[in-house]
Amino acid sequence: MKARSLTLISALALAAALVLSSCAVPTPTRTPSGSASPSPSVSATPVSSEHDLLSPGLAQQVVAQLVEATNGKPVVRVVIARTQVRLTYIDDGDRPRSMVWLGGVITPSDDGTDLVAATSFDPNSFNLSDVAQLFATAAQISGSHDKQELQINEYDHKRILMTVTTSPESSTIFFDRDGALVPRLNLSLENDLAAGLNDVYDTRLFVVEVGVTVDSTDPMTSANQAWADVVTTPGVIERRIRTATVPMFATQRRETPSTQQFDRTAINPEVISQLIRTAPLQLEQPDATVISVTVSQPLGADQPRITIEAAGSRLVTDLAGTKIDNP
0 MKARSLTLIS ALALAAALVL SSCAVPTPTR TPSGSASPSP SVSATPVSSE HDLLSPGLAQ
60 QVVAQLVEAT NGKPVVRVVI ARTQVRLTYI DDGDRPRSMV WLGGVITPSD DGTDLVAATS
120 FDPNSFNLSD VAQLFATAAQ ISGSHDKQEL QINEYDHKRI LMTVTTSPES STIFFDRDGA
180 LVPRLNLSLE NDLAAGLNDV YDTRLFVVEV GVTVDSTDPM TSANQAWADV VTTPGVIERR
240 IRTATVPMFA TQRRETPSTQ QFDRTAINPE VISQLIRTAP LQLEQPDATV ISVTVSQPLG
300 ADQPRITIEA AGSRLVTDLA GTKIDNP
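The numbering of the sequence shown is numbering that gives the first Met the number 0, which starts it at 0 and goes up by one.
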């Protein structure tokens, strides 16, 4: 199914996701725990099992029926609640159309949304075999299971993800195509830091600059992030950002690098993690809570350098974390 232009709000969805996901969770969570999970949202009125989309496999079947009903038209959005599925597709003339499954009946519906660009996808390639479990996992992390909805649409740069949201709004929880949780990362922990850096590197070997920011007072907010600048085309730099709470996304700017590109494998996450822990004392700023680390290679230098900043003080080291007295 090829990508088509749509006027659905995927760009706004990213901004909304960043705002929603800035809510902190009580403890860093990489994988769902089996204990004390809130139960999925329960309707005020009983729902028959044949119309309850939390029943194992039913959501998958319903989505397949809706896809078949589009007659091969590009699908750009799927929204699943406990008793209803809405599928939006692109009809002839690039017009968005929707169909709703409710109580076993499929009917056309006016989507009523503003329009932007979006990317089409195959809903049948997403694991919807156990929506109840996705809802339970999301509730455990966000702390809410009120009026949960699962959405499938474009997240960023043609990447399609599943998200679970609530009403009233809590945190947006992200899942991959196979139903695996996209973990939240505590970048003050070495393993999470390494995972965040791998996310922003993606498939790129050479980078212009790499950075990490950690706020020790609240490490699970979107202000905590890892990022990497890469050259996409001459004169254009793309910044790939992975925050503590949302998957990697990218922004672009027109700029010619003032430093030289270097092999990102030169960066040792263990060294970066250690510098984040020790920098406040090294900089004689023991009360500093926000630590920023950047790695770049100045023009003419034989290797990259690490710059650490805290409370207005600055330290430059080599790749092993050894202080450079005259950088």
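Note that beta-carbon positions come from the ideal geometry of N, C-alpha and C, so glycine has one too.
These numbers come from a predicted model, not from an experiment.
So Trp100 and Val163 are in contact, right, with Cβ under 8 Å, and what is the actual spacing, rounded?
The pair is not a contact, with the Cβ atoms about 19 Å apart (cut-off 8 Å).
Leaving out five residues before and five after Ser20 in sequence, what residues of the same chain have Cβ atoms less than 7 Å from its Cβ?
With a pLDDT of 40 at Ser20, under the threshold of 50, the modelled position of that residue is not reliable, and the figure given next carries that caveat. Around Ser20: Ser170, Thr171, Ser221, Thr244, Val245.
Any idea what DSSP makes of Asp191, helix, strand or coil?
helix
For Ile266, three-class secondary structure by DSSP
coil
Paired residues, beta bridge with Lys322 - DSSP
Thr316
Can you look up Thr306 in the DSSP assignment and give me helix, strand or coil?
strand
Can you give the Cα-Cα distance for Leu196 and Ala80, rounded to whole angstroms?
34 Å
Out of curiosity, what's the CA-to-CA distance linking Asn123 and Val66?
8 Å
Determine which residues share a DSSP beta bridge with Ala225 and list them.
Val211, Arg241
Does the stretch 197 to 208 touch the stretch 248 to 267, meaning 3 or more C-beta pairs lie closer than 8 Å?
yes
Which residues mark the beginning and the end of the alpha helix (DSSP H) in which Val46 is found?
From DSSP, Val46 is part of no alpha helix (DSSP H); its letter is neither H nor E.
Run through DSSP, which three-state label would Gln83 get?
strand
Taking the C-alpha atoms as reference points, what is the distance between Ala335 and Asp317?
What is shown of the chain runs 0 to 326, which leaves residue 335 out entirely.
Just tell me which of Asp121, Gln59, Thr82, Arg313 has its CA closest to the CA of Tyr88.
Asp121
Taking the alpha carbon of Thr165 as the reference point, which residue from Ala137, Glu189, Leu186, Lys157 has its own alpha carbon closest?
Ala137
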